[in-house]
RNA sequence: AGGGCUGUAGCUCAGUUGGUUAGAGCGCUACACUGAUAAUGUAGAGGUCACCAGUUCAACUCUGGUCAGCCCUACCA
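Numbering (our numbering), first residue to last: 663 to 1996.
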């Protein structure tokens, strides 16, 4: 029996099939049954589970899933290892938000360890929701063994890849991984630099209104500037425009275009009325002066006037002539002044990038806050402006700190945020609040240094998470030298098959062509630590490529006494098979003292308990030096603390603890007192590690600022006293709880791990920062504190998802990754949103290209965005976000998936409208469901069971059967071609077309009678077999996109024959459609001639129906004759084959061809523009008119002789038959209609007999309706009594037998009195019919 | 600002190498059909193929420009 159903309910089907898949492990089997060597490699771009899945994830995952399923059916083994992206700023920011802290609080209010633990627990928060969504949408992936980017094996593989880059060198010997200093986008609000990827997140560039300033820089009179002066007292100024007035205190140069022409204009300062001569580009004069005001008397101006008189007094000043001109510093900061700056700063320099499209043609240049500025100053040898940087001999500290505040030393504006957005919203809203830019503007106005201060609208980049403006800021960073591999990456890209192609050639290709170095550094906590250790001076460094290597280095460091113990001890020793878990090799407990323990025993004195003797010896020199060169603050503090002055507590100064030197320390109270100069603002990272490490060994660290000690001595003393008391108490409690505790330094040097015992060491911060290595020259090396860009994490997934194989690594294998890496690289196919073009797509490509000179993927589909139905982006604030769970529950996964794939190409943006899903459900799934149910209903009645070994040969089947089979296999060919080209939309639409147009509305409709009439004869069996094959093949083709419904149908179709199929090992033996082999495109089953003539039949029927409609003759009314004018014999032969179909479909008794010889045919001709156009050229138009007027005779002559000469404007052309498109015109005297070359005429004369037959058919219909209303079984026999009404008597008498046969009536009687249903036969006649089961 | 994509019926989308009636589905109107019925058929209304120019005998299609939308790139101050 085939299962029959009452209603289509896709969500119920989903649930049933989902359960079946899980119970029977269909996914696992679908993968495993294919041979491993025949792999179709798919990479899963890892999602982050810290946000809820959205409807766009359903879109992206449908694309991924369907091509994996499709290729599985094609016989490939398609492993799909799931993955989770677990690092990155979004997670950190979320944690900060939830804990109510900012980045500055990390390491203070909360330890890095706690913070990272919070990240770790947050990152998988919505894992369950994701997995639920994954299952419900039918996304097949291995969720049990995902790769997780925070796991040690993943991290160490990323290290390995970094090391490969570190070791790789360009032709001129530069490493692919290097440390540099550049001006980068920096988000003070998020406390981090931003990568170019992040700067390109959607919504980053926003239109904002800022305050712009045109400042006037007063020229100093000297040899270089002399030509600019007319007389000694003239006030000559250079005008420069800026949209960031807050950078004006940092101005050190003005940049001009060497080739640009500048002019000097005599005018007045608009704000003070003072006479002034300004220099600006000639092309920009009109931007600041109104031509009407030219040469007006200067003394006519009053402050506040709109009209500013002016006079161009000097023209033709080349930019190059201005270079070297010196000017007075605009807004001096005394603390930042240096002799060097005074000597070389504040002059005009050249820059090719200067234009005259905007501003004044002179660019205010502040090197720390602009990439162009930075380059220009470096080239011109202009020093940077900033506070002296005491400890680092390097560059001065910028006048703006990392929080986006002016440093205190900046007069007037010190301590103010440079962008108003950094202030809390309440402050911004205060009526008295003035943005810093405005204050700067006001200062300039007052000082007669401003020409124009006004609001200015422009787009400015914003931090994609905090939505606050970005600053360009000088940052130390590690870079990947991607620019060196630019050409090769571009070449490799050309071998990748992109969908859509334009993304690959255009968007991605052009990006590669302009590739910049990849900034890897992130000043953050939760991410993969950069595996580079350096000596403090940066002279020696090491890049670690594995935990094994790190362990070896730690051993060396141990011997040198750099560290307390080796957390990686014993040396990790994964099993040779590569199966071992790296974690298991690590010792987490500190029982094993090793060498370290032994040497600690030898030292008894308190003195050395804070560090190892060797380190002590090493640091001693530094400490001594620091004591000598102490700062003013340190000196003042020492005065307060020395000689047990403070409550009798003993303090030491410049004392070594671990690998740091503390400014002051009380060993008794375990308290470190640090005195900070401003240098510490520049290196918060370093301070933080220091604090963390000191905390880790039991010391509390407090800090005082220089100015506090110098200015508020007693306040500092009070604070210290309070802290000392508290410390004393705390230490007593700790000692009581744990007598060993803080006394034993060794115990605390054990590096902690967040994992339970035995699970190993955590490679994250802060633990990794505690690892100190020793350089070849015997100096300590500290880890570079940066984390790496999370995009590197995901870009390294082809390797890191498997992890390092130590055996291979030891053998020097070029690709030392665990199995099955060998058969899993590169990917055959990946798919992700188009927004990943510069993200994952790029990082995959870049890493593969640079490290292995290979592509990482061969085919890629980038899908577009999912917008709401109005084409607007979905966002929480708009409230137009679609919940994927609701959608899946309401419409089912298949309809949702199908809609998303078929509505538009996946790479176009999708305007998501549930109405579209509804349409898909009704049209495709509803139709197919009905078709299946129709099949099941009659197959069950007839006891039909499909028998794979006993199918009727196609040549013995009817025209209609062979036609639909031909269509079916044409579909298979089209479908496979489209899918192989990754064009799923085309594939889906082909299926829709087949199901709706061909299968349902033609084949099934025309075949209905075959199913319900008579016994299971040969023709009927053929019909069942044909329909079965159509359903079976269709369901297989649909399986990739609609995995639930197709499996449901497959299982229904095969349930009754499953046992037999299994026993005989036939193609239908599989438990699930997803385990089958995709049907082959069998050309032998395709008959194009048959498809053509069926197309004729469909068009003829359609035309006949349209005539009936026009003439208001219902289809049930039989007609005598249909006439077909024909032009050639081939048409007759073709139509003859489908004649029976046509006649029964349009309910006409006979078909008659009208040929030439009949004399009835009137032809007309139209020019065939395609062939004729090329031949005739300009005469085409005239020829078309001529041909349209051809007579029957002319056409006939051409057809007969094959040539006809025409004269067009004196030129004689010879026409051949293919130059004309001949059609027949309406037959005079007949009701006709035509469509292109086909014309149909109907004989609409109704005889008595025809009318009676029509009435009989009406009666059949009414009786059938009654049967249905009364819920009779389809097979019930009935008795019918009809009221004796004049309108039907003749029909019943003539066609009684026919009626009985049609309605399965055992008896049919006319009676005078019938008490049955009142039935309306037509507008005039209503009669009673009684129907009973007999 | 530059690059890419898109612009066809009220809506969602097709439209092959330029060729003379520009299509489908949904929606709307009317009629029909209904032993598949959350269907189906026929017909109707609905288009300056965003706009302007050019190439051509012929342009929705090719070229250039303009406008609008989206995405990407970009601190030109």
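For each residue, glycine too, the CB sits at the ideal point set by N, CA and C.
{"Check": "Cβ-based burial, residue 1608 [other Cβ within 10 Å; buried from 16]", "Outcome": "buried"}
{"Check": "Collapsed DSSP secondary structure at residue 766 in the structure displayed", "Outcome": "helix"}
{"Check": "Sequence-distant residues of its chain with Cβ nearer than 6 angstroms to residue 931 (five each side left out)", "Outcome": "938 and 1110"}
{"Check": "Span separating the alpha-carbon of residue 2000 from that of residue 791", "Outcome": "The question about residue 2000 has no answer, for the chain in this structure spans 663 to 1996."}
{"Check": "Where residue 1001 sits in the DSSP three-state scheme", "Outcome": "helix"}
{"Check": "Limits of the beta strand (DSSP E) - the one that residue 1560 falls within", "Outcome": "From DSSP, residue 1560 is part of no beta strand (DSSP E) but of the alpha helix (DSSP H) over 1555-1565."}
{"Check": "Spatial distance of residue 855 from residue 1325 (CA atoms)", "Outcome": "30 angstroms"}
{"Check": "Reduced DSSP secondary structure (H/G/I, E/B, other) of residue 1306", "Outcome": "helix"}
{"Check": "At least 3 beta-carbon pairs within less than 8 angstroms: the region 1142-1161 vs the region 1112-1129", "Outcome": "no"}
{"Check": "Nearest-angstrom Cβ-Cβ length linking residue 1942 and residue 1967, presumed shorter than 8 angstroms", "Outcome": "5 angstroms"}
{"Check": "Residue 737 versus residue 1742: straight-line alpha-carbon distance, rounded", "Outcome": "12 angstroms"}
{"Check": "Presumed contact (8 angstroms Cβ cut-off) between residue 1904 and residue 1781, rounded CB distance", "Outcome": "6 angstroms"}
{"Check": "Burial state of residue 1089, where buried means 16 or more other Cβ atoms lie within 10 Å", "Outcome": "exposed"}
{"Check": "As assigned by DSSP and simplified to three states, the class of residue 898", "Outcome": "strand"}
{"Check": "Residue 965 burial status per 10 Å Cβ neighbour count (16 or more: buried)", "Outcome": "exposed"}
{"Check": "With 16 other Cβ atoms within 10 Å as the buried cut-off, status of residue 765", "Outcome": "buried"}
{"Check": "Residue 843 and residue 1182 closer than 8 angstroms at C-beta", "Outcome": "no"}
{"Check": "Cα-Cα separation, residue 1575 to residue 1551", "Outcome": "16 angstroms"}
{"Check": "Selected residue, minimal CA-CA separation from residue 1908, among 1075, 1775 and 1933", "Outcome": "1775"}
{"Check": "Residue span of the beta strand (DSSP E) that contains residue 1123, given as start and end", "Outcome": "1112-1123"}
{"Check": "Distance, residue 1696 Cα to residue 1520 Cα", "Outcome": "29 angstroms"}
{"Check": "Beta carbon of residue 818 nearer than 8 angstroms to that of residue 1466", "Outcome": "yes"}
{"Check": "Close beta carbons around residue 905, own chain, < 7 angstroms, minus the five adjacent residues each side", "Outcome": "872, 874, 1118 and 1120"}
{"Check": "Rounded separation between residue 1979 and residue 1922 - CA only", "Outcome": "14 angstroms"}
{"Check": "Counted within 10 angstroms of its Cβ, other Cβ atoms place residue 669 as buried (16 or more) or exposed", "Outcome": "exposed"}
{"Check": "Inter-residue spacing [alpha-carbon to alpha-carbon] between residue 1884 and residue 1867", "Outcome": "17 angstroms"}
{"Check": "Proximity to residue 1750 [Cα-Cα], best of 1626, 1367 and 1543", "Outcome": "1626"}
{"Check": "Nearest residue (CA-CA) to residue 1963, options 1948, 1976, 1940 and 779", "Outcome": "1940"}
{"Check": "The region 1853-1866 contacting the region 1796-1804, beta-carbon criterion three pairs below 8 angstroms", "Outcome": "no"}
{"Check": "Sub-8 angstroms separation of residue 1502 and residue 1479 beta-carbons", "Outcome": "no"}
{"Check": "Beta-carbon proximity of residue 1622 to residue 1686, cut-off 8 angstroms", "Outcome": "no"}
{"Check": "Cβ-based neighbour list, residue 1684, same chain, cut-off 6 angstroms, excluding 5 preceding and 5 following", "Outcome": "1614, 1619 and 1623"}
{"Check": "Segments of 4+ residues assigned as alpha helix (DSSP H) that fall wholly inside the region 1940-1969", "Outcome": "1948-1965"}
{"Check": "Beta strand (DSSP E) segment containing residue 1012, residue limits", "Outcome": "1009-1012"}
{"Check": "In DSSP terms, what residue 1990 is bridged to", "Outcome": "1980"}
{"Check": "Residue 745, enclosing beta strand (DSSP E) - first and last residue", "Outcome": "743-746"}
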